[in-house]
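Trainee: So in our numbering, spot 101 of the sequence shown is number 123, and the numbers just go up one at a time.
Don't be surprised by glycine CBs; every beta carbon is placed ideally from N, CA and C.
This is the structure I want to talk about, given as structure tokens.
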Amino acid sequence: MRRTFNYTNRRKIGRKDVSITLREERAVWVFDANLRLADYHFPRNAEVWLEAHRQNLWMQWEWGTVSALRVPADRRLTEFDAPDGVLFRVRVVQPPGQEHHKLVGEADAISFVKAGEADDRRRHLLVPVPDALDQQLWKLDFEHDPPQHPRPSMAGMRD
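In structure tokens form, the structure reads like this:
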């Protein structure tokens, strides 16, 4: 039996309550997010942040408050050359006050669904991500969870 102590009262947001959809617009990837946070009883004015990350790349968007979610106009994934291996994170933090920015809820390692594809909610054993492999044929990265299988980056390939 797994036992943990939660002294901070942080709540884990279920994957079923977060859905991320990616679509390509003019050669740039854009995402849409659907968040269902009402059942978690967070403070109504707690701030909601959405993050996209892969390896050492990271982007963050302010998503309003729990009671008034505000979708940002610019949701382009400009830091990522390809969406492969990008994961999302939702964080709910305390509103301004004594414990401002204290983490009260989180959903991590949320994968996306490309627009028009079926959402099967399965986790891949190996996630292919673009990377500069130089003269290597393949590489397996165990530093991440789940392990990643870097594939040649299209940006580095020349005719």
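What residue range is occupied by the uninterrupted beta strand (DSSP E) comprising Leu91?
Mentor: Leu91 -> no beta strand (DSSP E), and no H or E assigned at all.
Trainee: Let's test the definition: count the other Cβ atoms within 10 Å of the Cβ of Arg32 and tell me whether it reaches 16, buried, or not, exposed.
Mentor: exposed
Trainee: Applying the 10 Å Cβ sphere with the 16-neighbour rule, what's the burial state of Gly119?
Mentor: exposed
Trainee: Since Thr87 is in the beta strand (DSSP E), which residue starts that stretch and which ends it?
Mentor: Leu79 to Thr87
Trainee: For a test of your reading of the model: does the CB of Glu165 fall under 8 Å from any non-hydrogen atom of the ligand ADP? Yes or no.
Mentor: In the structure on display, the ligand ADP does not appear, and there are no ligands present to speak of.
Trainee: Under the rule that 16 or more other beta-carbon atoms within 10 Å means buried, what is Gly36, buried or exposed?
Mentor: The residue in question, Gly36, is exposed, as its Cβ has fewer than 16 Cβ neighbours within 10 Å.
Trainee: Could you pull out every residue in the same chain whose Cβ sits closer than 6 Å to the Cβ of Trp51, ignoring the five residues on either side in sequence?
Mentor: Leu44, Leu99 and Pro105
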